[in-house]
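Here is the structure we will look at.
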């Protein structure tokens, strides 16, 4: 990227001091190439702010292109994002704004985001919240997601919410023993939950979510989709609320 940027700057600089024919880089003699380099160096030494301006302009264009690409990806995958038929839906299920989160129980930034999202949902009261189980940080992540989804299948959304919240606040190793203790805290039958952890329905849900993430070019957690916009990474509740307010117009 930097090499292309310097070349573009050089062409621009040279254009003001040499004939147009000299801008055919492939046709330059060694003497012309030396002149080209000298002109570029002299101009940039006299005007170093040009480099920063060009870099900023390039970054803005790239950000705009990425934002538009994300809009297109969200539109193309809207049904799978917002109404897949299996993901947990919390907050206000009838809310006028939908927030989707791809999360991993072992992700430190997901744990930070958890409290912020809860704060947002409580303060706003009109946001539909969809959780995408996206275990990408190893076997413990996968074990936790299978247990959480098995809890939802066996005991319903309220039990899932309890386990989900507890896992988002849990900082130890995730093992079957620790999951059993967690289930006992909420008077859940861990034997029945464990019996469902290898269900094909859970395998298919995780596979579908991973495939969706690949289509959306999501490789890290947390990643949010807020209506039509993709938000990659942690955001505090006040920033999320500002985006929500902007979506409502």
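Residue numbers (the working numbering): 365 to 613. A virtual CB, placed ideally from N, CA and C, is assigned to each residue, including glycine. Since the structure is predicted, the reported quantities are computational estimates derived from the model, not experimental observations.
Reduced DSSP category for residue 465 - H, G, I as helix; E, B as strand; rest coil: Looking at residue 465 - three-state DSSP - the assignment turns out to be strand.
Member of 503, 489, 554 whose CA lies at the smallest distance from the CA of residue 514: Relative to the Cα of residue 514, the nearest Cα in the group 503, 489, 554 belongs to 554.
Residue 586 beta carbon less than 8 Å from that of residue 471: Taking 8 Å as the cut-off, the beta carbon of residue 471 is found closer than this to the beta carbon of residue 586.
Residue 385 in three-state terms, based on DSSP: Low confidence applies here, because residue 385 scores a pLDDT of 43, under 50, leaving its location unreliable; read the following figure in that light. In the displayed model, residue 385 falls within a helix according to three-state DSSP.
Strand pairing of residue 587, partner residues [DSSP]: In DSSP, residue 587 forms a bridge with 466, 596.
Residue 308 versus residue 602: straight-line alpha-carbon distance, rounded: The question about residue 308 has no answer, for the chain in this structure spans 365 to 613.
Under the three-state DSSP convention, the category residue 613 falls into: Looking at residue 613 - three-state DSSP - the assignment turns out to be coil, as it is neither helix nor strand.
Bridge partner(s) assigned by DSSP for residue 449: In the DSSP output, where bridge partners are listed per residue, residue 449 has none listed.
Residue burial classification, residue 546 (beta-carbon count within 10 angstroms, cutoff 16): Label assigned to residue 546: buried.
One or two residues paired with residue 497 in a DSSP bridge: Paired residue(s): 467.
Any 3 or more C-beta pairs closer than 8 Å across the stretch 495-503 and the stretch 468-485: The stretch 495-503, when compared against the stretch 468-485, does touch it at the 8 Å Cβ threshold.
DSSP beta-bridge partners of residue 454: Residue pairing by DSSP puts residue 454 in a beta bridge opposite 493.
Presumed contact (8 Å Cβ cut-off) between residue 538 and residue 508, rounded CB distance: Contact flag correct, Cβ pair sits at about 5 Å.
Euclidean distance between Cα positions of residue 412 and residue 420: It is roughly 13 Å from the alpha-carbon of residue 412 to the alpha-carbon of residue 420.
Length of the line joining the Cα atoms of residue 551 and residue 487: About 29 Å.
Where residue 605 falls: helix, strand or coil (DSSP): Correct three-state label for residue 605: helix.
Beta-carbon proximity list for residue 579, same chain, < 6 Å, skipping 5 on both sides: For residue 579, where only same-chain residues beyond five positions count, the Cβ hits under 6 Å are 441.
Sequence ranges, alpha helix (DSSP H) only - wholly within the stretch 514-587, length at least 4: The alpha helix (DSSP H) runs of length 4 or more contained entirely in the stretch 514-587 are, from start to end of the chain, 521-532, 540-549, 554-559, 564-579.
Collapsed DSSP secondary structure at residue 409 in the structure displayed: DSSP places residue 409 in helix when its eight states are reduced to three.
Rounded distance between the beta-carbons of residue 588 and residue 465, thought under 8 Å: That belief holds up - the Cβ atoms of residue 465 and residue 588 are roughly 5 Å apart, short of 8 Å.
Extent of the continuous alpha helix (DSSP H) run through residue 479: Counting along the chain, the alpha helix (DSSP H) containing residue 479 begins and ends at 472-488.
Integer-rounded CB distance, given that residue 491 should sit under 8 Å from residue 463: The Cβ separation is near 6 Å, so the contact holds.
Spatially closest choice to residue 566 from 450, 445, 433, by CA coordinates: Among 450, 445, 433, the Cα nearest to that of residue 566 belongs to 450.
Residue 393, buried or exposed, once every other Cβ within 10 Å from all chains shown has been counted against 16: By the Cβ-count criterion, residue 393 is exposed, with fewer than 16 other Cβ atoms from all chains shown falling within 10 Å of its own Cβ.
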